[in-house]
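There are 2 protein chains.
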Amino acid sequence: MTQTDSSSTAVIALDAMGGDHGMESTTRAAAAISKTTKIHLLMVGNRDELLPLLEKHEAHLDQIEFIHTTDFVPMSESALASARRTGSSIALAAQSVASGRAQALVTAGNTAAVLLHCSRVISQIPGINRTALAAVHPTLPREHNADPLGLLLDVGANLSCDAEDLVQFAAMGAAYASRISKIDSPTVGLLNIGEEETKGDALLRQAHQLLREASGPAFTFYGNVEGRDIPLGVVDVVVCPGILGNVVLKLLESMGEVVLALGNDMLSQRPTWRLGRRMLRGGLHQISDMAHYSEYGGAPILGLDRIVIKAHGRSDAKAIENAIKVAAKAVREDVCGGIVESIRKAQENRYQSLSLGTDR
Amino acid sequence: MTQTDSSSTAVIALDAMGGDHGMESTTRAAAAISKTTKIHLLMVGNRDELLPLLEKHEAHLDQIEFIHTTDFVPMSESALASARRTGSSIALAAQSVASGRAQALVTAGNTAAVLLHCSRVISQIPGINRTALAAVHPTLPREHNADPLGLLLDVGANLSCDAEDLVQFAAMGAAYASRISKIDSPTVGLLNIGEEETKGDALLRQAHQLLREASGPAFTFYGNVEGRDIPLGVVDVVVCPGILGNVVLKLLESMGEVVLALGNDMLSQRPTWRLGRRMLRGGLHQISDMAHYSEYGGAPILGLDRIVIKAHGRSDAKAIENAIKVAAKAVREDVCGGIVESIRKAQENRYQSLSLGTDR
Chain A
1 MTQTDSSSTA VIALDAMGGD HGMESTTRAA AAISKTTKIH LLMVGNRDEL
51 LPLLEKHEAH LDQIEFIHTT DFVPMSESAL ASARRTGSSI ALAAQSVASG
101 RAQALVTAGN TAAVLLHCSR VISQIPGINR TALAAVHPTL PREHNADPLG
151 LLLDVGANLS CDAEDLVQFA AMGAAYASRI SKIDSPTVGL LNIGEEETKG
201 DALLRQAHQL LREASGPAFT FYGNVEGRDI PLGVVDVVVC PGILGNVVLK
251 LLESMGEVVL ALGNDMLSQR PTWRLGRRML RGGLHQISDM AHYSEYGGAP
301 ILGLDRIVIK AHGRSDAKAI ENAIKVAAKA VREDVCGGIV ESIRKAQENR
351 YQSLSLGTDR
Chain B
361 MTQTDSSSTA VIALDAMGGD HGMESTTRAA AAISKTTKIH LLMVGNRDEL
411 LPLLEKHEAH LDQIEFIHTT DFVPMSESAL ASARRTGSSI ALAAQSVASG
461 RAQALVTAGN TAAVLLHCSR VISQIPGINR TALAAVHPTL PREHNADPLG
511 LLLDVGANLS CDAEDLVQFA AMGAAYASRI SKIDSPTVGL LNIGEEETKG
561 DALLRQAHQL LREASGPAFT FYGNVEGRDI PLGVVDVVVC PGILGNVVLK
611 LLESMGEVVL ALGNDMLSQR PTWRLGRRML RGGLHQISDM AHYSEYGGAP
661 ILGLDRIVIK AHGRSDAKAI ENAIKVAAKA VREDVCGGIV ESIRKAQENR
711 YQSLSLGTDR
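So the protein lines, in turn, are chains A and B.
Here the first sequence is numbered in the numbering used here, starting from 1 and rising by one per residue.
Here the second sequence is numbered in the numbering used here, starting from 361 and rising by one per residue.
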């Protein structure tokens with residue numbers, strides 16, 4: 001209640017029916033937000049069920065409005081089938097943002113349906129060819145980055161893309177990192193099979209060249225990065241085609257869990273290890289969970305002229321709360337304006353390096 | 361010395377100059393092999409330097425022959441530059457296998473150069489469109505698989521492939537898993553962005569269809585798998601295009617190391633955790649190393665009509681020793697013959713399911 005910054009005036013639309021945990025998580029998150037910030041929420045969902053839950057969680061109802069609907073997109077429904085649900089919570093939430101009634105959208109719903117309904121009613125930023133889904137993931141601590149998080153995009157908004165699209169992903173990701181994580185001139189890496197510029201297929205080789213030309217005030221192109229460089233945090237932003245990014249993201253998310261499951265046998269080989277393992281139980285559990293994204297506030301959809309934060313399907317209340325805070329910050333820091341600027345700078349830099357012949 | 365199986369007669373060509381540790385690792389491995397098995401080795405490299413090292417390690421020299429050369433391909437050299445080195449250790453080792461002087465080749469050398477020199481002189485199995493590099497990785501224990509290892513291919517022998525190639529990768533990987541890991545009717549998964557058959561781009565959707573038609577005696581097609589299913593060992597063999605496989609492999613290799621590095625801070629939060637961590641030190645170190653492949657005997661190159669095992673560049677003597685044993689086993693179990701049979705069965709099954717209209 002002591003915050004008086006501009007985020008206090010933001011209205012965030014919340015798809016109250018989305019996510020594996022549905023209204024239980026969204027109402028808990030909404031209650032927490034209403035009690036600890038001045039953010040206003042526009043909850044889209046079944047008002048008759050939401051209200052009692054909000055009251056139970058002692059929400060400050062003066063900060064919460066509703067758009068009532070009983071329809072929602074089931075988590076496993078195909079995008080095609082979901083397209084018909086124009087009265088669903090995600091469809092109405094997207095419309096509320098498109099019309100300006102809310103400044104940003106937070107949803108833990110079905111990703112394909114979110115992308116479809118948002119793309120249908122929210123305009124793309126002029127000059128952007130494709131919107132991209134960007135995942136925030138934990139990395140090893142890095143000097144210039146206080147909260148050690150990295151951005152990976154595209155993680156599945158697109159099945160295909162060209163080299164120009166990858167440059168736009170770089171500019172958009174850098175704008176997000178610079179405004180949300182406060183990194184000056186973020187570094188960008190191109191996910192590839194080796195460091196050398198000659199590595200990869202025609203798409204990746206051309207993207208390497210274009211990224212080098214665009215490297216400048218918008219972002220610093222680091223060069224190619226490999227799989228292991230992503231969690232190590234070698235760069236702030238990693239760009240790649242959507243299928244590659246999606247497979248990598250799902251592997252990253254499971255790393256803690258998988259490594260500990262694999263290591264469990266090993267750690268029972270000696271009595272001291274068995275004892276040590278027992279002492280560490282809670283800590284190992286945290287490691288296993290660490291890549292589960294609940295702390296990282298969700299994945300931004302970049303390229304639309306409104307802020308959309310896609311929280312993980314299995315988000316709990318804490319994760320949704322964090323996603324709402326990130327959305328409010330993205331509004332306050334004008335991430336969409338930052339993207340316009342970043343795309344312009346990258347473009348200018350390319351023309352300049354081409355005309356100067358300094359593209360090496 | 362008690363082994364009297366047919367592997368005792370195998371001659372394995374060993375690129376004695378390849379790998380980050382060069383002759384130090386290869387001579388140690390050769391000495392161990394000569395002392396504990398009846399495998400004959402054909403060491404290709406600088407005889408004047410190899411001999412004193414082998415003597416130092418007390419190798420049984422009656423099991424070791426040499427092809428002398430002083431040239432080798434540096435680990436960082438491009439494939440193109442390496443093409444000129446027709447007298448290098450890898451080039452001569454490949455020739456010795458092509459000519460039949462040795463039955464299999466083991467090398468820890470520069471992957472691109474290995475693929476190039478092998479493809480140049482060793483014939484492809486008739487009917488195979490593309491050779492593939494297959495990585496062996498640890499998985500969670502699975503009921504039917506005593507040693508919990510999985511196979512992932514292609515991990516970078518090809519920059520592009522079509523749906524037919526992915527079916528051949530499946531048949532080749534299944535043949536290898538069935539003969540080396542003794543798995544009856546191995547399961548195959550297609551790496552994709554979701555389980556549903558409609559997921560992915562045109563290539564992946566077509567591959568899904570063709571794999572379903574080919575599923576039968578050669579292998580059982582499980583369906584699509586996602587990133588996390590690979591280390592969990594949901595299937596025995598995962599197939600994917602080379603760029604995707606390469607990025608995933610490098611991430612898998614670093615998982616233990618990265619998770620523990622990320623978790624290190626977490627585990628220092630409480631005194632009991634700090635103590636537990638100290639007690640577990642050796643065990644955690646083992647976890648960090650577990651995906652470093654030293655125990656898994658290297659990556660087979662599948663599709664050539666000779667056995668070629670590519671050990672990891674950073675292989676130590678133990679890893680090279682294991683790779684030599686795997687190569688001898690692959691000769692003994694006639695993996696190349698198994699691939700011919702598996703490809704034929706998969707093909708027959710496709711025709712059959714097409715003519716019966718039972719493409720499920």
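Backbone N, C-alpha and C fix where the C-beta goes; we use that ideal spot for every residue, glycine too.
TODO: Would you check if there are 3 or more beta carbon pairs closer than 8 Å linking the stretch 517-536 of chain B to the stretch 564-578 of chain B?
DONE: yes
- [ ] Output, in sequence order along the chain, the residues in the stretch 510-529 of chain B whose CB is closer than 7 Å to any CB in chain A.
- [x] GLY516, LEU519 and SER520
TODO: State yes or no: is the beta carbon of A/ARG277 nearer than 9 Å to at least one beta carbon in chain B?
DONE: yes
- [ ] Show which residues of chain A have a CB atom less than 8 Å away from the CB atom of B/ASP375.
- [x] Near B/ASP375 there are no residues of chain A at all, since even the closest Cβ is about 21 Å away, more than 8 Å.
- [ ] Measure from the C-beta of B/GLY469 to each C-beta in chain A and report whether the shortest distance is under 9 Å.
- [x] no
Task: Within chain A, the residues that B/GLY587 reaches when beta carbons sit closer than 9 Å - done: ASN246, VAL247, VAL248, LEU249, LYS250, LEU251, LEU252, GLU253 and SER254
Open item on the list: Please identify the residue among A/LEU61, A/ALA174 and A/LEU152 whose C-alpha is closest to the C-alpha of A/PHE221.
Closed with: A/ALA174
Task: Closer than 9 Å to chain A by CB, B/LEU571 - done: no
Open item on the list: For a minimum of 3 consecutive residues, which ranges assigned as the beta strand (DSSP E) are wholly contained in the stretch 104-150 of chain A?
Closed with: 104-107 and 132-138
Open item on the list: My output table needs one value for A/VAL412: the three-state DSSP class, helix, strand or coil.
Closed with: In the structure as shown, chain A begins at 1 and stops at 360. Residue 412 of chain A is therefore absent and cannot be evaluated.
TODO: Provide the residue(s) that pair with B/ILE661 in DSSP beta bridges, ordered along the chain.
DONE: B/LEU493 and B/VAL668
TODO: Report all residues from its chain with a CB closer than 6 Å to the CB of A/HIS40; omit the five preceding and five following residues, and keep chain order.
DONE: VAL11 and GLN63
Task: Those residues which DSSP pairs with B/LEU513 across a bridge - done: B/ALA494 and B/VAL599
Task: Endpoints, the beta strand (DSSP E) within which B/LEU716 is located - done: Unbroken run through B/LEU716 is the alpha helix (DSSP H), 695-716; no beta strand (DSSP E).
Task: Sequence-distant residues of its chain with Cβ nearer than 6 Å to B/SER483 (five each side left out) - done: ASP665
- [ ] In the DSSP assignment, find the unbroken beta strand (DSSP E) run with A/THR187 in it and report its ends.
- [x] 187-191
Open item on the list: Please tell me whether A/ASP20 has its Cβ less than 9 Å away from any Cβ of chain E.
Closed with: Absence of chain E from the displayed structure is noted, the protein chains being A and B.
Open item on the list: Taking a contact to mean a Cβ-Cβ separation below 9 Å, would you say B/LEU414 touches B/THR387 in this structure?
Closed with: yes
TODO: Using 10 angstroms around the beta-carbon of A/ALA29, count the other beta-carbons present and answer buried if the total reaches 16, otherwise exposed.
DONE: buried
Open item on the list: Are there any heavy atoms of the ligand SAH lying less than 8 Å away from the beta-carbon of B/LEU519, as far as the coordinates show?
Closed with: Among the components of this structure there are no ligands whatsoever, and the ligand SAH is therefore not found.
Task: N-terminal and C-terminal residue of the beta strand (DSSP E) that B/VAL371 is part of - done: 371-375
Open item on the list: So that I know if they touch, is there some Cβ in chain A lying closer than 9 Å to that of B/VAL618?
Closed with: yes
- [ ] Report all residues from its chain with a CB closer than 7 Å to the CB of A/LYS199; omit the five preceding and five following residues, and keep chain order.
- [x] ASN192, ILE193 and ASN224
Open item on the list: Quick check on B/ILE427: does DSSP put it in helix, strand or coil?
Closed with: strand
Task: Reduced DSSP category for B/LEU401 - H, G, I as helix; E, B as strand; rest coil - done: strand
- [ ] Check the Cβ-Cβ distances between A/ASN129 and every residue of chain B, and say whether any is below 9 Å.
- [x] no
Open item on the list: Along the chain, where does the alpha helix (DSSP H) containing A/LEU208 start, and where does it finish?
Closed with: Reading off the sequence shown, one finds His at residue 208 of chain A, where the question assumed Leu. A/HIS208 -> alpha helix (DSSP H) spans 202-214.
TODO: Starting from the C-beta of B/GLU555, find all residues in its chain whose C-beta is less than 7 Å away, skip the five residues before and the five after it, and write them out in chain order.
DONE: GLY583 and ASN584
TODO: Kindly indicate the opening and closing residues of the alpha helix (DSSP H) around A/GLN168.
DONE: 163-180
- [ ] Would you please state the rounded distance, in angstroms, between the beta carbons of B/ALA464 and B/ALA687? I believe it to be under 8 Å.
- [x] 4 Å
Open item on the list: Between A/LEU211 and A/LEU190, how many whole angstroms is the CB-CB distance? I'm expecting something under 8 Å.
Closed with: 6 Å
- [ ] Can you tell me the Cβ-Cβ gap for A/THR107 and A/GLY18, rounded? I've got them flagged as a contact below 8 Å.
- [x] 5 Å
- [ ] Can you have a look at B/ILE393 and say buried or exposed, based on whether 16 or more other CB atoms are within 10 angstroms of its CB?
- [x] buried
Open item on the list: Going by DSSP in three states, A/ILE320 sits in which element: helix, strand or coil?
Closed with: helix
- [ ] Have a look at B/HIS428, B/SER575, B/HIS477 and B/PHE579 and flag the residue whose alpha-carbon is nearest the alpha-carbon of B/ALA458.
- [x] B/HIS477
Task: Short Cβ contact (9 Å threshold) for A/ALA157 with A/ILE339 - done: no
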